[in-house]
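The numbering of the sequence shown is the working numbering, which starts it at 28 and goes up by one.
Heads up, the beta-carbon is just placed ideally off N, CA and C, and yes, glycines get one too.
Before any comments, here is the structure.
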Amino acid sequence: MVERTPRDAPLPAGEPPASSANVGDLTPEALHAHLHRVADWIAQYRATIEQRPIVPRLRPGDIAARCSADPPAGPASIDHIVAEMDTVVMPGIVHWGHPAFLGYFGSTSNGPSLVAEMMTAALNVSAMTWQTCPAATELETVVLGWIRRMIGLPDGFTGVVYDTASIAIVHALAAAREACGADVRTHGVAGRADVPRHRVYASDQAHSSIEKAMIVLGLGEANVVRIPSDAAFRLDVTALRTAIQDDVRSGVRPMAVVATVGTTSTTSVDPVGEIAAVCRERGIWLHVDAAYGGAMGLVPEGKWAMEGVELADSVIVNPHKWMFVPLDFSALFVRRPELLRAVFALTPEYLSGDAAAGEIDYMDYGLQLGRRFRALKAWMVVRAFGTDGIAARISEHRRLAQEWARWVEADPRFVLAAPVPMAVVCFRFAPAGLEEAACDRLNVAIVQALNASGETYLTHTRVRGRVVMRVGIGNILTTVRHLEQTWARLVQAAERIAAHAADPAGPA
Ligand code: PLP
């Protein structure tokens, strides 16, 4: 007998029942009309993106101030809300898809992925188990197989899709921790005298997501050992050997080495084969962060960058960085998927499937239960462009980066700050006679001035302690024309700012 709860109690006299006019969805006719209008809006946005200032001129809080703090109690028409896109939302958008957006690693939208994202939203399935959506699960497996082959990884690797590389590396290092045998899943690490410090080694150029993963795994960011890099920003293998040897002598457990193919600042490539040899000698997990550089595996002239990666225990590649799948989509490949399951599989009764029948339940390979149907957009992009089309775009981006590097080298006031193996150029405005600290200030000021113009967008970074400008070419719409315009603007800004620095009384 089910007891009545107060919620089931009869309504007090005089209180009307909820109106049936206030429930349900848009009518099919209305939805059809709105989708058509929004399709026009999206197509128009893509067609005019180049005419928009890339970065809005706003102060923090300006967009929120246009919205009510109270959630709206009553309904509003979709036409009205879509109109507010233009007045409330669009003024605060940074146009990452603009062809002169050259910041970070460009994550690029494109026609095929937009079509897929609309369909994904319509389906709104959760790829947590095979049973919750066989197509989402099996397309994920198919697409992961394609990506694995595209970047040149052998058959022995099994993939899983996560949102970002930062989350994927938590899973890779959780598997590495499991391989160390301390059964942290059951007992944790706090208060245990039988668990030595677990350490991870990575170059001083590797991404900060390694520290974040160690924080979340309870192993501590202090246990990430940063190994110096050489003149070409590649991890120094001799220094790695020494660090590991010293740790082993003092009772520390070397858990993993992270090698990077395409570091964040300069896109340098660690000597993965040599690092793999060290890991094999010592029985240490090798993780390769190819979040950006994995795309090099698609082009004949880039395959050198992925040499040795086949020796890794785990590999991350982000198709949302340089393989034209929009945010977010990160693929982790592991040799021993059973380790991920050992850490993460935990199935409440209501989700139990029938794995014996060959079902893959991706929820068993990670923290997340509900999982977006991310595979659809990757499936659409690879099918629409083909691997040849994706490779051609990657080759073109590398060619454009070389072009930019030539302009830098041809102007004696500029220097290249690092080799250009992929599609990122780090360079510095360093006119003769100017001291280093003054150059640092100039380079920051040039980037700020260009970004404030709204016409182009780049970032600065530090290389060997000095500020440099950084151009990342990854947008599907970027052509040599956009780069020529940006270079001309950059030279002009540099001359103007340098002249003003030399004579502050002159025109700014
Ligand atoms: N690894 C490298 C080399 C990166 O450059 C980045 C971000 O730029 C990441 C990992 C983290 O990527 P995500 O934004 O997907 O977490």
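I need the straight-line Cα distance from residue 68 to residue 428, nearest angstrom please. In the sequence shown, the residue the question calls residue 68 occupies position 41. In the sequence shown, the residue the question calls residue 428 occupies position 401. Using only the alpha carbons, I get a separation of about 32 Å.
Between the CA atoms of residue 145 and residue 399 - distance to the nearest angstrom: Residue 399 sits at position 372 when you count from the first residue of the sequence shown. Residue 145 sits at position 118 when you count from the first residue of the sequence shown. Their Cα atoms are separated by approximately 13 Å.
Collapsed DSSP secondary structure at residue 38 in the structure displayed: In the sequence shown, the residue the question calls residue 38 occupies position 11. Per-residue confidence for residue 38 stands at a pLDDT of 48, beneath the threshold of 50, marking its modelled position as unreliable; the derived number appears in the next sentence. Here residue 38 sits in coil by DSSP.
Quick check: what's the CA-CA separation for residue 521 versus residue 135? Indexing the sequence shown from 1 puts residue 521 at position 494. Indexing the sequence shown from 1 puts residue 135 at position 108. Their Cα atoms are separated by approximately 28 Å.
In this structure, does DSSP put residue 471 in helix, strand or coil? The residue labelled residue 471 in the question sits at position 444 within the sequence shown. Note: residue 471 maps to helix in three-state DSSP.
Own chain residues within Cβ distance below 7 Å of residue 34, not counting five before or after: If you number the sequence shown from 1, residue 34 lands on position 7. Residue placement at residue 34 cannot be trusted, given a pLDDT of 49 that sits under 50; what the coordinates show is reported in the next sentence. Contacts found: none.
Evaluate residue 225 with the Cβ neighbour count: other Cβ atoms within 10 Å of its Cβ, from every protein chain shown; 16 or more gives buried, anything less gives exposed. For this step, residue 225 is matched to residue 198 along the sequence shown. With 16 or more Cβ atoms within 10 Å of its Cβ, residue 225 is classed as buried.
If you follow the alpha helix (DSSP H) that residue 529 is in, where does it begin and where does it stop? Here residue 529 is taken as the residue at index 502 of the sequence shown, counted from 1. It spans 507 to 529 - the alpha helix (DSSP H) in which residue 529 sits, taken as one unbroken run.
Give the DSSP-derived three-state secondary structure of residue 32 in the structure shown. Numbered from 1 along the sequence shown, position 5 holds the residue referred to as residue 32. A caution first: residue 32 carries a pLDDT of 46, below 50, which makes its placement in the model too unreliable to give a value.
Is the CB-CB distance between residue 228 and residue 298 below 8 Å? The count along the sequence shown starts at 1 and reaches residue 228 at position 201. The count along the sequence shown starts at 1 and reaches residue 298 at position 271. No, they are not a contact pair.
If you count every other CB in all the chains shown that lies within 10 Å of the CB of residue 32, and 16 or more means buried, which is it? Counted from its first residue, the sequence shown places residue 32 at position 5. Here residue 32 scores only 46 on pLDDT, less than 50, and its place in the model is too uncertain to base an answer on.
Would you call the CB atoms of residue 368 and residue 188 closer than 8 Å? Your numbering for residue 368 matches position 341 in the sequence shown. Your numbering for residue 188 matches position 161 in the sequence shown. Cβ atoms of residue 368 and residue 188: not closer than 8 Å.
Check whether the Cβ atoms of residue 302 and residue 244 lie closer than 8 Å to each other. Numbered from its first residue, the sequence shown carries residue 302 at position 275. Numbered from its first residue, the sequence shown carries residue 244 at position 217. Cβ atoms of residue 302 and residue 244: not closer than 8 Å.
Alpha-carbon to alpha-carbon, residue 318 and residue 448: Working through the sequence shown from its first residue, we reach residue 448 at position 421. Working through the sequence shown from its first residue, we reach residue 318 at position 291. Taking the straight line from one Cα to the other gives about 15 Å.
Could you work out which residue in 121, 361 and 74 is closest to residue 479 when comparing CA atoms only? As a working mapping, residue 479 is identified with position 452 in the sequence shown. Nearest of 121, 361 and 74 to residue 479, Cα basis: 121.
Output yes or no for whether 8 Å exceeds the beta carbon distance between residue 268 and residue 305. The residue labelled residue 268 in the question sits at position 241 within the sequence shown. The residue labelled residue 305 in the question sits at position 278 within the sequence shown. In contact: residue 268 and residue 305 (Cβ atoms closer than 8 Å).
From 131, 416 and 373, residue whose alpha carbon lies closest to that of residue 212: Walking along the sequence shown from the start, residue 212 turns up at place 185. Comparing Cα positions, the closest option is 373.
Starting from residue 453, follow the alpha helix (DSSP H) in both directions and report where the run begins and ends. For the purposes of this step, residue 453 is identified with residue 426 of the sequence shown, where counting begins at 1. Residue 453 -> not in any alpha helix (DSSP H); beta strand (DSSP E) instead, spanning 451 to 456.
In chain order, what residues of the same chain have a beta carbon less than 7 Å from the beta carbon of residue 531, not counting five sequence neighbours either side? Residue mapping note: residue 531 aligns to position 504 of the sequence shown, counting from 1. Contacts found: none.
In whole angstroms, what separates the C-alpha of residue 432 from that of residue 443? The residue you call residue 432 lines up with position 405 of the sequence shown. The residue you call residue 443 lines up with position 416 of the sequence shown. Each residue's Cα considered, the two are about 7 Å apart.
Mind reading off the beta-carbon distance from residue 183 to residue 171? Whole number of angstroms is fine, and I expect it under 8 Å. Residue numbering aside, residue 183 sits at position 156 when the sequence shown is read from its first letter. Residue numbering aside, residue 171 sits at position 144 when the sequence shown is read from its first letter. That pair is no contact at about 13 Å.
Residue 396 to residue 471, Cα distance in whole Å? The residue you call residue 396 lines up with position 369 of the sequence shown. The residue you call residue 471 lines up with position 444 of the sequence shown. Between residue 396 and residue 471, the C-alpha separation is close to 43 Å.
Simplified DSSP state of residue 157, which is helix, strand or coil: Numbered from 1 along the sequence shown, position 130 holds the residue referred to as residue 157. Coil at residue 157, not helix or strand.
For residue 81 versus residue 125, is the C-beta spacing smaller than 8 Å? Counted from its first residue, the sequence shown places residue 81 at position 54. Counted from its first residue, the sequence shown places residue 125 at position 98. It is a contact, given that the beta carbons lie within the stated cut-off.
Nearest-angstrom Cα distance between residue 294 and residue 86? On the sequence shown, residue 294 is found 267 positions in, with the first residue counted as 1. On the sequence shown, residue 86 is found 59 positions in, with the first residue counted as 1. For residue 294 and residue 86, the distance between alpha carbons rounds to 33 Å.
In chain order, which continuous runs of the alpha helix (DSSP H) of length 4 or greater are located wholly inside the segment 168 to 250? 192 to 206, 211 to 214 and 236 to 243
Pairwise C-alpha distance: residue 338 and residue 300: Position 273 of the sequence shown holds residue 300. Position 311 of the sequence shown holds residue 338. C-alpha separation (whole angstroms): 7 Å.
Buried or exposed for residue 519, going by 16 or more other Cβ atoms inside 10 Å? One-based indexing of the sequence shown puts residue 519 at position 492. Classification of residue 519: exposed, given that the 10 Å Cβ count is below 16.
Any beta carbon of chain C sitting closer than 8 Å to that of residue 167? Any reference to chain C falls outside this structure, which holds one protein chain only.
Count the C-beta pairs between the segment 320 to 330 and the segment 342 to 355 that are closer than 8 Å, then say yes if the count reaches three, no if not. yes
Can you name the start and end residues of the beta strand (DSSP E) that residue 132 belongs to? The residue you call residue 132 lines up with position 105 of the sequence shown. Run containing residue 132: none; DSSP gives neither H nor E here.
Classify residue 164 as helix, strand or coil using the three-state DSSP reduction. By one-based count along the sequence shown, residue 164 stands at place 137. Residue 164 falls in the helix class under three-state DSSP.
How many Å lie between residue 439 and residue 525 at the Cα? Locating residue 439 in the sequence shown gives position 412, counting from the first residue. Locating residue 525 in the sequence shown gives position 498, counting from the first residue. Each residue's Cα considered, the two are about 15 Å apart.
With a floor of 4 residues, list each alpha helix (DSSP H) that falls wholly inside the segment 258 to 312, ordered by position along the chain. 264 to 276 and 299 to 309
Under the three-state reduction of DSSP, which class applies to residue 447: helix, strand or coil? To locate residue 447, count along the sequence shown from 1; it is residue 420. In this structure, residue 447 counts as coil in the three-state DSSP scheme.
By the three-class DSSP mapping on this structure, what secondary structure does residue 149 have? Counting from one through the sequence shown, the residue named residue 149 turns up at place 122. Three-state DSSP puts residue 149 in a helix.
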